[in-house]
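Take a look at the structure below.
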Amino acid sequence: MSRQVSIEKEATNSKSLDTAQAVGDDYVSSALYDILQKEVIALRKVCQERDQNLKGKDATIEVLSKKVDTLSKAIEVEAKKTRREKAAMEKEVASMRTEMEHEQRARRSRGMANHVHN
2 MSRQVSIEKE ATNSKSLDTA QAVGDDYVSS ALYDILQKEV IALRKVCQER
52 DQNLKGKDAT IEVLSKKVDT LSKAIEVEAK KTRREKAAME KEVASMRTEM
102 EHEQRARRSR GMANHVHN
């Protein structure tokens, strides 16, 4: 029985050595690992900074978009107001013209009436 146990131990040791040799090719030195780890950390920081930068730009774009909407509405309101004022002025001018024409006709008719009476 002890012989069987020692054979099993040898088989297990052999398997673990084979596994270690096969996996050993995948191992990297601790110095290289440290360098890679520092590089990963640096890249993560850069990515986080970029994400923050993008979030800031998105917020700025949103604020500017709201300002553009507000200004567009203000321009539209101002344009309507200007159109109303223009229409009111045109009516006033038309009214003044009509009034002036009536006055001129009245003067002419008075002038003719005075001319006829003389």
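Everything in the sequence shown is counted per this note's numbering, starting at 2 for the first residue and increasing by one. Beta carbons: idealized from backbone N, C-alpha and C, even for Gly. Quantities reported herein were computed from a predicted structural model and do not represent experimental measurements.
Alpha carbon of A95 to alpha carbon of R111, nearest angstrom: The residue labelled residue 95 in the question sits at position 94 within the sequence shown. The residue labelled residue 111 in the question sits at position 110 within the sequence shown. Those two C-alpha atoms are separated by around 24 Å.
Segments of 4+ residues assigned as alpha helix (DSSP H) that fall wholly inside the segment 75–106: none
S30, DSSP secondary structure in three states: Position 29 of the sequence shown, counting from 1, holds the residue named residue 30. Note: S30 maps to coil in three-state DSSP.
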